[in-house]
Amino acid sequence: MPPKFVARPVRRTAAAVATVALLLPLAACGSDDDSSEGEKSSGSKDVSLTVLAASSLTDVFATAEKVYEKDHPGTKITVSPAGSQELAAQVKQGAPADVLVTADTKTMDGLKGETGQPTVIAKNRLVIATREGNPEKVKGLKDLADSKLKVVLADDTVPVGRYSKQVLDKQGVKVKPVSKEANVRSVLSKVELGEADAGIVYKTDAATAPDKVDAVEIPDAQNAVASYPAATLKGSKNGDAAAAFVKWLSTPEAQKILRDAGFQKP
């Protein structure tokens, strides 16, 4: 009797152990899948932001994007520079982008239905860019009226072109440019290459080519102030990340980068 009594519990225990042994791998697999799925759902998603920026921001934003990416792992910034009027056209045509920064408030105001609330992040002023050494001895705006001088300006549809027209008209200076360019960098390039004796550009643009051009200052009383508003684009698929970048542009870190490049406080 005792051996028979003991044998039955042993057989039941062996069967139970075998069943548990079969179930454990399945449970383990289910647990791994659930854990993996949980990690995927809670993990952060990499974000790529496209920033449409005025041509005069080309160099400073190249620095800014590197700093931002370093401070914000997982976020990739791609800056697409062009004249503000070109950027506006891209936005109206539905080009995929997340942030817009123009060189004037007029262009930004014309896109109210396409952007979030803009914030001015910097200001700029005009200078006369001449060939290195200023061989034509340009001293101020009135000298640009000399018919012997090859002067290049930005087109009136471009912010820097409008600012240029504004300061010239204010001083009663009539200039016959040899060409009108689509953006400020094209104006600077014409002077750098010797295709023009002088051109009106932003102070920060002239500063990018100190070995190729000289900058003739325009007195504040005769100058114009350019404002740079930044805004998110309503068509962005990365609204939160775009808003974070625009907000960052007003932080001390970003403002220092802009100041170091010659831009003025907003």
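Mapping to the numbering used here: the sequence shown position 38 is 38, numbers consecutive.
Glycine included, every Cβ here is placed at the ideal spot set by N, Cα and C.
Only buried fits V158, as 16 or more other CB atoms lie within 10 angstroms of its CB. Its chain contains I121, A230 as the residues whose beta carbon lies nearer than 7 Å to that of L249, once the 5 sequence neighbours on both sides are disregarded; these appear in chain order. Boundaries of the beta strand (DSSP E) harbouring L153: 151-154, taken from the DSSP string. Inter-segment contact for the stretch 146-155 and the stretch 255-262 is absent: fewer than three beta-carbon pairs are separated by less than 8 Å. Annotation for I200: no alpha helix (DSSP H) segment contains it, though the beta strand (DSSP E) segment containing it runs 198-202. For T119, no alpha helix (DSSP H) run applies; the uninterrupted beta strand (DSSP E) run containing it begins and ends at 119-131, by DSSP. L100 places its beta carbon 8 Å or farther from that of A241. Of all C-beta pairs linking the stretch 215-222 to the stretch 129-146, three or more are shorter than 8 Å, placing the two stretches in contact. Taking the CA atoms as reference points, Y163 sits about 25 Å from A62. The DSSP assignment places 75-82, 99-101 as complete runs of the beta strand (DSSP E) inside the stretch 68-114, in order along the chain (cut-off: 3 residues).
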